[in-house]
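Just below is one structure, and these are the notes that go with it.
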Amino acid sequence: MDNRLCETIERIIAQYDLLANESRFTENKIYGKELYAISDEGLSNHSSAIKSNGTYVITGGLGGLGYIFSTYIAKKYQSRLILLGRSELSKESEMKITELRGYGSQVTYYACDVCDFNKVDQVVRNIGEITGIIHCAGIINQTSIMSDNMTEIEAVIAPKLYGTMNLDIATKDHDLDFIVLFSSISAIVGDYGCVSYASANKFMDEFSNLREELRKRHKRNGKQSVLTGHYGIMVVCSYQMAIFL
Numbered sequence: 001m002d003n004r005l006c007e008t009i010e011r012i013i014a015q016y017d018l019l020a021n022e023s024r025f026t027e028n029k030i031y032g033k034e035l036y037a038i039s040d041e042g043l044s045n046h047s048s049a050i051k052s053n054g055t056y057v058i059t060g061g062l063g064g065l066g067y068i069f070s071t072y073i074a075k076k077y078q079s080r081l082i083l084l085g086r087s088e089l090s091k092e093s094e095m096k097i098t099e100l101r102g103y104g105s106q107v108t109y110y111a112c113d114v115c116d117f118n119k120v121d122q123v124v125r126n127i128g129e130i131t132g133i134i135h136c137a138g139i140i141n142q143t144s145i146m147s148d149n150m151t152e153i154e155a156v157i158a159p160k161l162y163g164t165m166n167l168d169i170a171t172k173d174h175d176l177d178f179i180v181l182f183s184s185i186s187a188i189v190g191d192y193g194c195v196s197y198a199s200a201n202k203f204m205d206e207f208s209n210l211r212e213e214l215r216k217r218h219k220r221n222g223k224q225s226v227l228t229g230h231y232g233i234m235v236v237c238s239y240q241m242a243i244f245l
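Numbering follows the UniProt record's numbering, with no gaps: position 106 of the sequence shown is 106.
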């Protein structure tokens with residue numbers, strides 16, 4: 001460890017209470033984390049980002065969280081819905097799609113593993129222009145890292161890591177209004193030993209920072225949103241950013 005790094009660490013420690021409860025030094029910048037409570041008062045006065053003539057891709061669109069959004073958009077906006085899921089349609093899933101169509105939405109389902117870029121890319125090409133993406137696909141594993149095997153760890157991380165990157169790269173030339181990534185508070189506070197889930201969510205938080213930088217460079221379109229704040233040890237540095245340019 002060279003003297004400059006040691007001196008930097010000393011300065012960070014000395015200023016620890018002034019910065020935040022946690023600090024990070026990367027690429028000659030110091031970052032601190034702060035959480036703010038935001039009131040929903042007045043939100044009803046703002047226009048919605050959802051358009052009745054829009055096309056929205058919802059991964060995990062027939063699952064718990066995904067189906068909530070599918071139902072909401074179909075009921076209120078009758079937008080075109082593209083739902084992605086890992087499995088072929090079951091009778092229960094077919095009933096859900098019938099219900100969504102009953103609200104007036106055009107609904108198309110693709111059995112597509114978001115971890116497979118070729119499949120994601122093919123679906124995106126089939127769809128045509130996309131207005132927005134809601135990425136709900138994911139697996140929750142409540143077991144500790146001490147009892148997980150590599151297969152279980154990869155199963156949790158893959159949809160959030162590869163799924164997020166695949167969706168982003170496949171739609172990088174689309175004029176998106178938004179892309180929503182569903183992270184978790186575990187990305188900030190941990191998850192009682194469930195390291196794979198917390199790490200996967202932290203990746204999503206940091207990836208949204210990367211994508212915002214690309215948007216500012218006119219390399220991407222559309223705002224992005226995640227559930228948690230943007231801070232952590234999983235950092236996308238400049239040499240990694242080049243992969244997505």
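The beta-carbon is built from N, C-alpha and C at its ideal position, and this holds for glycine as well.
Spatial distance of residue i from residue j (CA atoms)
i, j, result
"I133", "M150", "29 angstroms"
"I127", "D113", "16 angstroms"
"S183", "N53", "28 angstroms"
"R211", "T59", "19 angstroms"
"R220", "C115", "21 angstroms"
"S48", "L100", "20 angstroms"
"T55", "K216", "24 angstroms"
"L167", "V120", "7 angstroms"
"K29", "Y162", "28 angstroms"
"D122", "T26", "In the sequence on display, residue 122 carries Gln and not Asp. Taking the straight line from one Cα to the other gives about 37 angstroms."
"Y197", "A74", "30 angstroms"
"V180", "G222", "10 angstroms"
"K51", "K160", "26 angstroms"
"L81", "R4", "54 angstroms"
In DSSP terms, what residue i is bridged to
i, result
"Q78", "According to DSSP, Q78 bridges with nothing at all."
"L84", "T59, Y110"
"F69", "In the DSSP output, where bridge partners are listed per residue, F69 has none listed."
"Q224", "I179"
"G132", "Y56, F178"
Cβ-Cβ separation, residue j to residue i (assumed contact under 8 angstroms), whole Å
i, j, result
"M204", "T164", "6 angstroms"
"I157", "A200", "5 angstroms"
"residue 254", "S93", "With the chain running from 1 to 245 in the structure shown, residue 254 is simply not present."
"K96", "Y67", "6 angstroms"
Reduced DSSP secondary structure (H/G/I, E/B, other) of residue i
i, result
"A155", "helix"
"L89", "coil"
| query | Should the segment 150-164 be called in touch with the segment 93-107, which here means at least 3 C-beta pairs below 8 angstroms? | reply | no
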